[in-house]
Every structure is written in C-alpha cells, then in structure tokens.
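Each remark here refers to the structure printed beneath this line.
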Amino acid sequence: GESVGLHLPTLSVQEGDNSIINCAYSNSASDYFIWYKQESGKGPQFIIDIRSNMDKRQGQRVTVLLNKTVKHLSLQIAATQPGDSAVYFCAENSQDSSYKLIFGSGTRLLVRP
Amino acid sequence: DAEITQSPRHKITETGRQVTLACHQTWNHNNMFWYRQDLGHGLRLIHYSYGVHDTNKGEVSDGYSVSRSNTEDLPLTLESAASSQTSVYFCASSDPGLDEQYFGPGTRLTVT
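Residue numbers (the working numbering), protein chains in the order written: chain L, 27 to 139; chain C, 2 to 113.
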C-alpha cells in the first residue's frame, strides 16, 4: 500500500512493551477527542474516544488520557504487538459545534520483533 | 454488514479532465465527509453534507464539488483536475447522534 507520510514523527518500540503516543490539541473548547489507527493502504480505523468530562478511558489494551489543563491527549497501548504498527491520528471536534473533526498530523508506530 | 465503499481505488487522469470519485455507505448515516490526505498534512476536509441536498465547504474546497441526492451517496467531483490534486481521498460518514466517523478504504488519484 501507499505510504501515509514519510516525514511523520516515529515511535519505535519493542514487541511486548507499552507504547505511549502523544497529541497536543488546539482548542480548549473542544469536548470530544478520538484516536484513529491507519494501516498502510487503508482508511483510518476508530480505536477509542473520550469526552472532556472524563480524564481517562480504557478499552481493550488501549487507554486514552486527557489533560485539559495543558490540552494534551495520549494513547497508551499495552503489550504492543506487530499488528499495532501503523500511523495513529488524534482528532478533536470542531469548535463550531458541528460534527466535523480536526485531525492532527499523525505519529508512526513501529514495533520491533 | 453495513459498510462504506469508495470507487475507484486507484485512478490516473490527465490535467484538465473532470473526475468523479464515488462514496457509498449503507449505515444510513446523515453525515458524510470527504478528506484528502497528503504527506505532512494529515487529513484535510474538502466538503461535507448533513443530509440530502445539503452540502458545505471544508477547508480545502477549491476545485472540488459534491452533490447529495440520497442518503447513501456523496460523489466528489474534480471539475478540472490539476496536478496539485494528486492525493489520497477518503470518504467518511457519521451518525448525527455520535461524533465518531467511519472511513472508507480511500482512492489514490494521480493527475498527470
């Protein structure tokens, strides 16, 4: 498949380790945040989301943390597997109260065997 | 199973040609979106629609148009293709009650 972005920040982790991917968002009024995973040649796939009335939300092997004070979002992946290798995007809802999402530029996660 | 599909998956066209990319979803979602994805820019919104006969411009709408004649389809038209429109195009849809968007597999468009 085609490359999503050759100049993306890259996080390289050992298989089995935990991964932490960070994201800074822009609008303090945003009340919804979402993480997507994009594998090469595919469309973005929903991982987990969180609303601003929460600080933490857990899914299967993934946790999202929200720090509204510093406008920071993180995605933690436990026991990282080779299948987790992908580009990860954070997104926030648009400040005009529409259903639009504003996407970050992405982080590439590489899992070393 | 409900899904969102895009066609074609790959397209090569010449500068100045009109090109239409198809997007079809079977979730019965009212909201549909078109994005382009380029190196270093992430996903940028081209056009979006909140229902039949509704269309709105996104941040990079110049040179593109959409129409919404039914709930399932939102075709994207490049009126006169330019080399700057070489990109990967993604369609997405969402339920008005939820913010999560579901994405199609993408169309890689090359304008020569």
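Each residue gets a CB set at the ideal place from its N, CA and C atoms; glycine is no exception. These figures come from a predicted structure and were not determined experimentally.
Simplified DSSP state of L:S56, which is helix, strand or coil:
Translated into positions along the first sequence, residue 56 of chain L becomes position 30. Looking at L:S56 - three-state DSSP - the assignment turns out to be coil, as it is neither helix nor strand.
Which residues DSSP lists as bridging L:E118, in chain order:
As a working mapping, residue 118 of chain L is identified with position 92 in the first sequence. Answer by DSSP bridge pairing, in chain order: L:F59 and L:I128.
Can you name the residues that DSSP bridges to L:I47?
The residue labelled residue 47 of chain L in the question sits at position 21 within the first sequence. Its beta-bridge partners are L:L101.
Just to confirm before moving on: does the CB-CB distance between C:T87 and C:L110 stay below 8 angstroms?
Taking the first residue of the second sequence as position 1, residue 87 of chain C is located at position 86. Taking the first residue of the second sequence as position 1, residue 110 of chain C is located at position 109. Cβ atoms of C:T87 and C:L110: closer than 8 angstroms.
Exposed or buried, what is L:S45 when buried is set at 16 or more other beta-carbons lying within 10 Å of its beta-carbon?
Working through the first sequence from its first residue, we reach residue 45 of chain L at position 19. Classification for L:S45: buried.
Listed by chain order, chain L residues near C:E15 by CB distance under 9 angstroms:
Position 14 of the second sequence, counted from the start, is the residue given in the question as residue 15 of chain C. Those do not exist, as C:E15 stays about 21 angstroms from chain L at its closest Cβ, beyond 9 angstroms.
Might you give, ordered along the chain, the residues of its own chain that have their beta carbon closer than 7 angstroms to the beta carbon of C:Y51, omitting 5 neighbours on each side?
Within the second sequence, the letter at position 50 stands for residue 51 of chain C. For C:Y51, where only same-chain residues beyond five positions count, the Cβ hits under 7 angstroms are N31 and N32.
When you compare the CB positions of L:G132 and L:Y114, do they come within less than 8 angstroms of one another, or not?
For the purposes of this step, residue 132 of chain L is taken as residue 106 along the first sequence, with counting starting at 1. For the purposes of this step, residue 114 of chain L is taken as residue 88 along the first sequence, with counting starting at 1. Yes, these two residues count as a Cβ contact at 8 angstroms.
Please check if any C-beta of chain L sits within less than 8 angstroms of the C-beta of C:Q26.
Taking the first residue of the second sequence as 1, we reach residue 26 of chain C at position 25. Judged by the 8 angstroms Cβ criterion, C:Q26 is not in contact with chain L.
Does the contact criterion of 3 or more C-beta pairs under 8 angstroms hold for the region 14-29 of chain C versus the region 38-45 of chain C?
no
Cβ-based burial, L:K126 [other Cβ within 10 Å; buried from 16]:
The sequence position of residue 126 of chain L within the first sequence is 100, counting from 1. Looking at its Cβ environment, which holds 16 or more other Cβ atoms inside 10 Å, L:K126 is buried.
How many Å lie between L:N93 and L:I47 at the Cα?
Your numbering for residue 93 of chain L matches position 67 in the first sequence. Your numbering for residue 47 of chain L matches position 21 in the first sequence. Computed Cα separation, rounded: 14 angstroms.
Rounded separation between C:A93 and C:Q102 - CA only
Locating residue 93 of chain C in the second sequence gives position 92, counting from the first residue. Locating residue 102 of chain C in the second sequence gives position 101, counting from the first residue. Rounded to whole angstroms, C:A93 to C:Q102 spans 6 angstroms at the Cα level.
Within 10 angstroms of its Cβ, does C:N71 collect 16 or more other Cβ (buried), or is it exposed?
The residue you call residue 71 of chain C lines up with position 70 of the second sequence. Classification for C:N71: exposed.
Starting from C:A23 and walking both ways along the beta strand (DSSP E), at which residues does that stretch end?
What you label residue 23 of chain C is simply residue 22 of the second sequence in a count that begins at 1. Its beta strand (DSSP E) spans residues V20 to Q26.
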